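> Starting off with a structure, shown below.
There are 2 protein chains.
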Amino acid sequence: MRLGRGVEWTLHCCSVLGALPPPLTISGSRLAEFHGVPAPYLVKQLQKLSQAGIVEATSGRRGGYRLARPAGEISLLDVVTALEGNDHAFRCTEIRQQGPTAVEARKYVRPCGIARAMWRAEDAWRAQLAAVTLADINDELDRTVDPKQMRKAIEWFKEEL
Amino acid sequence: MRLGRGVEWTLHCCSVLGALPPPLTISGSRLAEFHGVPAPYLVKQLQKLSQAGIVEATSGRRGGYRLARPAGEISLLDVVTALEGNDHAFRCTEIRQQGPTAVEARKYVRPCGIARAMWRAEDAWRAQLAAVTLADINDELDRTVDPKQMRKAIEWFKEEL
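Just so you know, the sequences run in chain order A and B.
Converting from the first sequence to the working numbering requires adding 6 to each position, the first position being numbered 1.
Converting from the second sequence to the working numbering requires adding 6 to each position, the first position being numbered 1.
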C-alpha cells in the first residue's frame, strides 16, 4: 500500500504556502527548485490541489500559487484526498457472493464483516489526518526548525517575491 | 492508495480456515473454487501467509491449508502485513534536505513533522487492524449469516474432507 510521492511534495509546498503572507504567491517552478524536485510533475500535483480548492493559481508575470483558504482550515486529509481520491484502500469485490454456495444477492443485507473491519481501520487513518491542519504542521515547524535555516529559506523565497 | 485484491481473498480464506476443526485442511484449489477466484493467484497469496507463519501447508493427497495458530491469535494486521509488507504508505524522501537552502544533514535531528503526522495516521490504521482477530470475524459471521447459507457452505466443504 503506497501513497504517491506527490503527497510528500505537495504537503511540503502547502507548508511553504501556509507561511506566505497574503497576497503573495510562489510559482510552481520556484516551489520545485526549493524542494529539489522536478517542476513538471510537481505542477501536475499542484493542479490537482487547485481543482480541489486547496490552492489557488494566479496568472501573470508574477503569478503563482497561494493557499485558497487559511492554513488552519486545510487538513492533511484534504491534501491526501485531493491527490489520491476517496476510494477505499481495501476493495471489497463481494467474493462472498461468488462460488458454488452463494445465495441470492438480496440475502447479503450488510457489507461483509471483513470489509467493515478493514474500512473501520481506514476511518481511523482518515480521522487522524483530518485532525491535523497545515497550521499545526507550521506551528510545529516554527518551534523545531533551526532559526538560521528558517531565515535562509525565507531569504531565498524573498529573492523572487 | 490501494491494497491488493489478495488481501480480500486471503482474509476470506483465513475466515474459512478459522472455522475448520483441526486437524482438517482445505486445498488451495478448493478454497479458490469456493470463492470463485483463480487458484494460481490465490495460492501465491496463501504461500505468503505460509511464509509469515499464519497458515500451514500440509502435503500429500489430502494436503492443504490450515491456520498455523488459533484464529483468536491472528489479527487482520498479521494477514495484511504478510501480503503487503511493513513499509509505510507515506514515503518520506527527506525533500526538506534538498534544494538551495538545505543545511548539513546532522541538523535534521527529528523526522519531519509532515512525515510524523502521516505515520501517526498509519499507526491508527494498524492499531485498528491489530485489534481484530480472525476469531472476531468468525464470531460475527456466525451471528449474522443466514444459517441455511452457513450449512450450505459447510456441506460443500465436507464433500472433500
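Glycine residues also receive a C-beta, built at the ideal position from the N, C-alpha and C atoms.
All values derive from a computational prediction rather than experimental measurement.
Residues of chain B with CB closer than 9 Å to the CB of A/Gly42, please, in chain order.
Those within 9 Å of A/Gly42 in chain B are Ile101, Gln103, Gln104, Gly105, Pro106 and Ala108.
> Got a sec? Which residues, its chain only, sit under 7 Å from A/Trp15 by beta carbon, not counting five neighbours each side?
His41, Val43, Leu48 and Gln51.
> In the DSSP assignment, what residue or residues form a beta bridge with A/Gly70?
Paired residues: A/Thr64.
> Using 10 angstroms around the beta-carbon of B/Thr31, count the other beta-carbons present and answer buried if the total reaches 16, otherwise exposed.
When all chains shown are included, B/Thr31 counts as buried.
> Would you kindly work out how many angstroms separate the C-alpha atoms of A/Gly59 and B/Ala45, rounded to a whole number?
Near 45 Å, if we compare the C-alpha coordinates of B/Ala45 and A/Gly59.
> By the criterion of Cβ-Cβ separation under 9 Å, what are the contact partners of B/Ile60 in chain E?
Among the protein chains in the structure shown, which are A and B, there is no chain E.
> The alpha helix (DSSP H) spanning B/His94 covers which residue range?
B/His94 -> no alpha helix (DSSP H), and no H or E assigned at all.
> Taking Cβ-Cβ distances shorter than 8 Å, what residues in chain B pair up with A/Asp152?
By Cβ distance, chain B contributes Val109 and Lys113.
> How about A/Leu17: is its C-beta nearer than 7 Å to some C-beta of chain B?
At least one chain B Cβ lies under 7 Å of A/Leu17.
> Going by the DSSP bridge assignment, what does A/Ser81 pair with across the sheet?
Paired residues: A/Thr139.
> Which stretch, first to last residue, makes up the alpha helix (DSSP H) that contains A/Gln53?
That run of the alpha helix (DSSP H) goes Ala45 to Gln57.
> What number of angstroms, rounded off, separates the C-alpha of B/Val13 from the C-alpha of B/Glu146?
Whole-angstrom Cα-Cα distance: 19 Å.
> Since B/Gly24 and B/Leu73 should fall inside the 8 Å C-beta cutoff, what is the C-beta to C-beta distance between them, to a whole number of angstroms?
Sure, about 6 Å apart at Cβ, within 8 Å.
> Does the stretch 75–88 of chain A come within contact of the stretch 134–142 of chain A, defined as at least 3 CB pairs closer than 8 Å?
Judged by Cβ distances under 8 Å, the stretch 75–88 of chain A makes contact with the stretch 134–142 of chain A, as three or more pairs qualify.
> Of all Cβ atoms in chain B, is any one closer than 7 Å to the Cβ of A/Val85?
By this cut-off, A/Val85 is not an interface position.
> Closer than 7 Å, CB to CB, is A/Glu79 near chain B or not?
Judged by the 7 Å Cβ criterion, A/Glu79 is not in contact with chain B.
> Can you tell me where the alpha helix (DSSP H) with B/Ser35 in it begins and where it stops?
Residues Gly34 to His41.
> Going along chain B in order, which residues have a C-beta closer than 7 Å to the C-beta of A/Val138?
In chain order: Ala123.
> Report the residue from A/Val85, A/Cys20, A/Gln155 and A/Lys113 whose alpha carbon sits nearest the alpha carbon of B/Asn112.
As written in the sequence, residue 112 of chain B is Arg, which differs from the Asn given in the question. Cα-wise, what sits closest to B/Arg112 is A/Gln155.
> Report all residues from its chain with a CB closer than 8 Å to the CB of A/Trp162; omit the five preceding and five following residues, and keep chain order.
Excluding positions up to five away in sequence, the list reads Phe40.
> Since I believe B/Ala95 is in contact with A/Arg8 (beta carbons under 8 Å), could you give me their beta-carbon distance rounded to a whole number of angstroms?
Rounded, the Cβ-Cβ distance is 6 Å, consistent with contact.
> Compute the beta-carbon to beta-carbon distance between A/Leu26 and A/Lys54, rounded to the nearest angstrom, for a pair I have assumed lies under 8 Å.
So it is not a contact: roughly 20 Å between Cβ atoms.
> Within 7 Å (strictly less), CB to CB, does A/Glu90 reach chain B?
Yes, A/Glu90 lies at the interface with chain B (some Cβ there is under 7 Å from its Cβ).
> Out of B/Ala136, B/Ala159 and B/Cys98, state which residue places its alpha-carbon closest to the alpha-carbon of B/Arg116.
Here the closest residue by C-alpha is B/Cys98.
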